[in-house]
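Residue numbers (our numbering), protein chains in the order written: chain A, 1 to 211; chain B, 212 to 422. Only one structure is covered here, and it is reproduced in the block below.
Protein chains: 2
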Amino acid sequence: MRSVATREDIRDLILDAADRLLARYGYRKMTMDDLAQEVGIGKGTIYLHFPSKEEVVLSHVDRIVARLNEEQSKIARVCGDAPARLRRMLVKRVMFRFDSVQHYTESLSDLLSALRPNLLTRRQRHFEDESRIIAAVLRDGRREGVFEFRDAATTARTLLTATGALLPYNLSARELGKREDVEAEAVRVVELLLNGLLARTDSKAKRNGKR
Amino acid sequence: MRSVATREDIRDLILDAADRLLARYGYRKMTMDDLAQEVGIGKGTIYLHFPSKEEVVLSHVDRIVARLNEEQSKIARVCGDAPARLRRMLVKRVMFRFDSVQHYTESLSDLLSALRPNLLTRRQRHFEDESRIIAAVLRDGRREGVFEFRDAATTARTLLTATGALLPYNLSARELGKREDVEAEAVRVVELLLNGLLARTDSKAKRNGKR
Numbered sequence: 001m002r003s004v005a006t007r008e009d010i011r012d013l014i015l016d017a018a019d020r021l022l023a024r025y026g027y028r029k030m031t032m033d034d035l036a037q038e039v040g041i042g043k044g045t046i047y048l049h050f051p052s053k054e055e056v057v058l059s060h061v062d063r064i065v066a067r068l069n070e071e072q073s074k075i076a077r078v079c080g081d082a083p084a085r086l087r088r089m090l091v092k093r094v095m096f097r098f099d100s101v102q103h104y105t106e107s108l109s110d111l112l113s114a115l116r117p118n119l120l121t122r123r124q125r126h127f128e129d130e131s132r133i134i135a136a137v138l139r140d141g142r143r144e145g146v147f148e149f150r151d152a153a154t155t156a157r158t159l160l161t162a163t164g165a166l167l168p169y170n171l172s173a174r175e176l177g178k179r180e181d182v183e184a185e186a187v188r189v190v191e192l193l194l195n196g197l198l199a200r201t202d203s204k205a206k207r208n209g210k211r
Numbered sequence: 212m213r214s215v216a217t218r219e220d221i222r223d224l225i226l227d228a229a230d231r232l233l234a235r236y237g238y239r240k241m242t243m244d245d246l247a248q249e250v251g252i253g254k255g256t257i258y259l260h261f262p263s264k265e266e267v268v269l270s271h272v273d274r275i276v277a278r279l280n281e282e283q284s285k286i287a288r289v290c291g292d293a294p295a296r297l298r299r300m301l302v303k304r305v306m307f308r309f310d311s312v313q314h315y316t317e318s319l320s321d322l323l324s325a326l327r328p329n330l331l332t333r334r335q336r337h338f339e340d341e342s343r344i345i346a347a348v349l350r351d352g353r354r355e356g357v358f359e360f361r362d363a364a365t366t367a368r369t370l371l372t373a374t375g376a377l378l379p380y381n382l383s384a385r386e387l388g389k390r391e392d393v394e395a396e397a398v399r400v401v402e403l404l405l406n407g408l409l410a411r412t413d414s415k416a417k418r419n420g421k422r
């Protein structure tokens with residue numbers, strides 16, 4: 001039995017608290033004092049983990065993306081043929097991030113305005129991690145003769161770009177309110193993209209022959 | 212010969228001045244006084260046309276989109292088969308808007324932070340205008356037997372969503388700096404989408420047979 005919280009546990013507790021306070025107060029009104037109180041630790045301890053409120057919230061976004069990447073990696077490894085896996089991964093990309101901010105859509109605009117330049121820098125790194133996972137499935141699909149494309153890494157990034165407009169960052173709070181509309185549009189974009197990746201006649205016939 | 216400026220002329224002069232001042236001062240620092248001085252008219256005259264600085268800048272964005280829509284309508288009417296026209300229209304969408312803000316990328320983040328909720332509302336209307344133009348070309352392509360899709364209006368919106376992440380609104384100032392990278396990515400996204408729209412074998416063979 002472990003009775004002492006580890007460094008990672010405390011970090012996670014702080015990020016959990018940030019998630020709740022973003023919903024309760026919004027980004028601008030939330031303070032490091034509020035965070036300390038919500039976790040039930042001293043403010044000094046928060047500063048041992050994060051140099052600023054900004055860094056807490058950026059790390060909170062990082063954690064959302066890290067969790068999404070775990071989900072995507074799971075899908076990449078286990079179920080179905082490459083198009084089915086890729087479809088699930090790309091729709092998951094949109095819906096997981098949608099759900100992650102669903103309880104504080106009201107204050108999202110506030111948060112995005114305040115952190116925009118830093119978020120964009122972080123997003124570069126998130127893009128790279130995600131595109132590696134996607135590229136692996138693209139290569140699987142090419143080996144199976146289902147997909148046709150030039151370069152897996154480039155194509156992965158193109159898929160991320162084409163689904164990027166549906167991420168919370170790019171939607172108004174009002175649009176974010178309608179989960180089923182976001183999902184329907186995500187499915188349409190992903191279907192069109194997947195259709196664009198499919199190998200034409202020859203390899204497709206080969207694939208069908210194999211089954 | 213026309214010697215008196217019309218209402219529309221003055222409106223355009225104010226928007227031209229806003230365009231220059233956004234580059235010189237940025238959104239937050241620009242005032243209605245600066246605008247009046249730049250146009251060479253009284254501040255009262257500016258207020259006859261626009262109730263606020265915010266409204267000037269939103270109208271400036273509207274004008275960019277209106278001009279883009281004119282360009283797209285021209286392409287829709289004149290040149291090439293449907294896929295070629297659609298390709299040009301979608302790449303134009305990204306590059307025209309890129310070029311429109313190129314001289315004030317430094318202050319773009321500032322403008323976007325300040326106007327985000329209002330810009331998102333405007334964007335809904337811009338989307339509708341643009342998707343009507345795109346839908347017409349989609350229908351042409353279906354008549355030619357080149358494209359396959361269910362509903363033209365929905366598909367047009369999906370194409371706008373999938374290219375939306377490349378609009379200035381969604382790029383960091385740094386990313387915006389590299390025109391050729393944005394264009395290359397736009398071309399990749401558009402090619403993948405067009406590929407997804409192409410009718411499979413039967414109608415494609417028919418089309419090739421026609422030539």
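For glycine and all other residues, C-beta sits at the position ideal for the given N, C-alpha and C. Quick caveat, the model's predicted, so the values are computed rather than measured.
- Look at LEU377 of chain B here: in three-state DSSP terms it is coil, with no helix or strand label.
- In the DSSP assignment, LEU409 of chain B is bridged to B:PHE358.
- In the DSSP assignment, SER59 of chain A falls within the unbroken alpha helix (DSSP H) covering 53-77.
- Under a criterion of Cβ atoms nearer than 7 Å, the residues of chain A adjacent to THR372 of chain B are, in order, ALA165, LEU166, GLU185 and VAL189.
- Around the beta-carbon of ARG157 of chain A, 16 or more other beta-carbon atoms lie within 10 Å, marking it buried.
- With respect to ALA247 of chain B, LYS240 of chain B sits apart: the two C-beta atoms are not nearer than 9 Å.
- Judged by DSSP secondary structure, PHE307 of chain B falls within the alpha helix (DSSP H) whose first and last residues are 293-311.
- Note that the region 126-133 of chain A does not touch the region 225-232 of chain B; fewer than 3 beta-carbon pairs, one per stretch, sit closer than 8 Å.
- Under the 9 Å criterion on CB atoms, TYR169 of chain A is classed as interfacial with respect to chain B.
- In this structure, the straight-line span from the alpha carbon of GLU282 of chain B to that of ARG343 of chain B is close to 14 Å.
- Under the DSSP assignment, ARG231 of chain B falls in the alpha helix (DSSP H) whose first and last residues are 218-235.
- The region 297-305 of chain B makes no contact with the region 91-101 of chain A; the number of CB pairs closer than 8 Å stays below 3.
- In this structure, the straight-line span from the alpha carbon of GLU394 of chain B to that of GLY251 of chain B is close to 38 Å.
- Judged by DSSP in its simplified three-state form, GLY40 of chain A adopts coil rather than helix or strand.
- Closer than 9 Å to the CB of PRO262 of chain B there is not a single CB belonging to chain A.
- With contacts defined by Cβ atoms closer than 9 Å, LEU115 of chain A and VAL57 of chain A form a contacting pair.
- Taking a contact as a CB-CB distance under 8 Å, the pair LEU21 of chain A and ASP34 of chain A counts as one, their CB atoms being some 6 Å apart.
- By the CB criterion at 9 Å, GLY164 of chain A and ASN381 of chain B fall inside the cutoff.
- Contact note: SER320 of chain B reaches chain A through ARG116, PRO117 and LEU120, using a C-beta cutoff of 9 Å and chain order.
- Between ARG88 of chain A and ILE75 of chain A, the CB-CB gap stays under 9 Å.
- Taking a C-beta cut-off of 9 Å against chain A, the contacting residues of the region 295-324 of chain B are SER320, LEU323 and SER324, listed in chain order.
- For ARG188 of chain A, the closest C-alpha among the options B:ARG390, B:ARG333, B:ILE257 and B:ALA364 is that of B:ALA364.
- Contact between PHE358 of chain B and LEU409 of chain B holds: CB atoms are separated by about 7 Å, below the 8 Å threshold.
- No Cβ-Cβ contact shorter than 9 Å links ALA23 of chain A with ALA373 of chain B.
- Not one beta carbon of chain B lies nearer than 9 Å to the beta carbon of ARG142 of chain A.
- Proximity to ASP140 of chain A across A:TYR27, A:VAL78, A:LEU48 and A:HIS49 peaks at A:VAL78, based on C-alpha coordinates.
- For GLY196 of chain A, at least one C-beta of chain B is nearer than 9 Å to its own C-beta.
- Annotated three-state conformation of MET32 of chain A is helix, per DSSP.
- In the three-state scheme derived from DSSP, where H, G and I count as helix and E and B as strand, PHE338 of chain B is classed as helix.
- Contact check for GLU355 of chain B and LEU377 of chain B: beta-carbon distance about 27 Å, past the 8 Å limit, so the pair fails to qualify.
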